[in-house]
Each structure stands twice: as structure tokens, then as C-alpha cells.
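Colleague: Structure provided below as C-alpha cells; questions to follow.
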DNA sequence: ATTATAATTGCATAGTGACGCAATCGTGCA
DNA sequence: TGCACGATTGCGTCACTATGCAATTATAAT
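Chains as they are written, first to last, in my numbering: chain A, 2 to 117; chain B, 2 to 117.
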């Protein structure tokens, strides 16, 4: 229970999407995806024309959402994307929606889609 | 060009995530996913304790993001989830992230991940 | 110890979004 | 045509969020 492969409630989390709903955060994320290596705040600041303090705050939002992780190295903090977890989460959501919605009405709820 | 399977820029759209970043919109979406049939605004209003005008507005946001579609039938408007498109979009994003991030630095950009 | 650099945090401000109520629009029915 | 019902839109309010600047913290180098 609660661990079904189609647990919509577990994965459809507004917090995750809220973190991804800001254009500058998406720009930062794209930068991280394309670099495929940890980047410092200063490096990530190059992709968006905002104050570095704002970049730092955006990274904190992404970190709190579990989208990126931070590793301190000397004076700098290197952020990297949690790509394995992120990819799995996105696929889980897709699977859950697909499983639920591929039922026609007659099959109703045999696949375990239900509100908590 | 621009149609590569790993086109991050096409799929990582803040508009989509913004539409999914509001708890009541997620509640509405869950309702639609679990019902797996078109629902009227009044029906969808049952899942969240807000004014029906707000539900209507939320549905408009979801519609503008391509997440749901509306079909008028008499006095009522029936909303249904665009599950095929949504599932494909989510999987495209997952694929793009996975493809980009599974490159180690030496392989760099042979897979076509690049900013527009 | 002092200085320099990277990152974060405090604070004030401006912009955005959710919300409820009331008014309006669209459709069906008597 | 007039009425009822479902949905949408206008508008004012409240809360939240993004932003920039300044101050602070943390680490490295002189």
C-alpha cells in the first residue's frame, strides 16, 4: 500500500513543479543539464542576467526540491543536477498517468489508481 | 533541426510547470486522472473547497498549458486530461536529461545537447 | 592578521498569482 | 420571450515571490 507503481499522490507534487516554474531556474537547470558537470554559482550566473544573490536563492529552491545537490569545494560551492532521481520521478509520473488513463470506464479502478 | 530527441529547450517549459505548481490545480488534475472521463466544472469543484470561479480559472490555466482540453456539451463544459501528450512530454524531458547527463565529460556534446 | 574572493542572508520593493464576490455570457427549457 | 442553470470574466484584496543592494559568512592567499 502506498507503494504502488501508479501512486499518483506520491509523485504529483506541486513543490517539485513550483521549483521548475521559474524561467531563470529553468535556465540554470538547462545549463547544468548541458554541462553535465558540477558548476559554481558564479559559472551558473553567466546563463541569466540577474544578481548572483538571486542565482544563489534559485539554487536553494532547486536544492530544497531535490533537483540539485550542492558540494562545497574550497571557497566555491558546486551544484550538480540529481539527474537519476529527477528522471525516475518524471517517468513515475508519466507511468502513473498512463496506467490510470489507459483504463476505459468499464475497467474502472482495477489498476489501483485512487485518491489517498 | 530542433526536432532532436534530446531537445531540452523544447520540453523544459516553465509554462507547463507553472501550471502544475498550484495545489488546487494538482487536485483537479488528480481528479481527472482518476476519473478517466471528461468532468464538468461543477464536478471538478467537488475535489477542492474553493469558489467555482476559481476552478474555472485553474482549468483555463491547465488548458493554456496544453494539459487539459475542453469540450462544450449543452450548458456544461467537459474537461479531460490530454494524457497522451502529457505522458509523452514528461518522457521526453526524462529522456533528454538522461541522454545529456549520461555523457561523461570526455564524450561532451556528441549527443546534441546544446542551448539554442 | 589582513585582504580578497565566493556564496549566502537581511531587507525593502515591485510584480505576480490565488481568491471571493458580483456581474455577465451562453445554452436549454417552459 | 422570459427564466434557470452552468461557466466565465471583471475587479479588488491579500499573500507570496523574484529581485537588487548591502551586509555577513566562509575560505583561501598574502
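Built from N, CA and C at the ideal position, the CB exists for glycine as well.
Since the structure is predicted, the reported quantities are computational estimates derived from the model, not experimental observations.
Tell me which residues of the segment 79 to 99 of chain B have at least one Cβ-Cβ distance to chain A shorter than 7 Å, keeping chain order.
Modeller: 82, 84, 87, 88, 91, 92, 94, 95, 98, 99
Colleague: What does the alpha-carbon distance come out to for the pair residue 39 of chain B and residue 96 of chain B?
Modeller: 30 Å
Colleague: With the cut-off set at 8 Å, would you say residue 119 of chain B and residue 22 of chain A are in Cβ contact?
Modeller: Residue 119 of chain B lies beyond the range of chain B shown here (2 to 117); nothing can be said about it.
Colleague: How close, in whole Å, do the beta carbons of residue 68 of chain B and residue 83 of chain B come, if the pair is a contact with beta carbons under 8 Å?
Modeller: About 6 Å separates the Cβ atoms of residue 68 of chain B and residue 83 of chain B, confirming a contact at the 8 Å cut-off.
Colleague: What does a CB cutoff of less than 7 Å around residue 52 of chain A pick up in its chain, not counting 5 residues either side in sequence?
Modeller: Once the five neighbours on either side are set aside, residue 52 of chain A has no close Cβ partner at all.
Colleague: Going by Cα to Cα distance, which pick from A:17, A:18, A:19, A:71 is closest to residue 42 of chain A?
Modeller: A:71
Colleague: Which of helix, strand or coil does DSSP assign to residue 40 of chain B?
Modeller: strand
Colleague: Quick check for students: name the residue ranges of the beta strand (DSSP E) that lie wholly in the segment 31 to 75 of chain B, counting only runs of 3 or more.
Modeller: 69 to 74
Colleague: At a CB-CB cut-off below 7 Å, which residues of chain B make contact with residue 23 of chain A?
Modeller: 15
Colleague: So what's residue 103 of chain A in DSSP terms, helix, strand or just coil?
Modeller: The three-state reading of DSSP puts residue 103 of chain A in coil, since its state is none of H, G, I, E or B.
Colleague: Sorted by chain position, which residues of the same chain lie with C-beta nearer than 6 Å to residue 93 of chain B's C-beta, five sequence neighbours on each side aside?
Modeller: 12
Colleague: Quick one: which residues of the segment 52 to 72 of chain A get their C-beta closer than 7 Å to a C-beta of chain B? List them in chain order.
Modeller: none
Colleague: Do residue 101 of chain B and residue 34 of chain A come within 8 Å of each other at the CB atom, strictly closer than that value?
Modeller: yes
Colleague: Could you tell me how far apart the beta carbons of residue 26 of chain A and residue 78 of chain A are, in whole angstroms, since I believe they sit closer than 8 Å?
Modeller: Not confirmed; about 17 Å, so no contact.
Colleague: Which whole-angstrom value is the C-beta distance of residue 74 of chain B and residue 9 of chain A, which I expect to be below 8 Å?
Modeller: Rounded, the Cβ-Cβ distance is 26 Å, inconsistent with contact.
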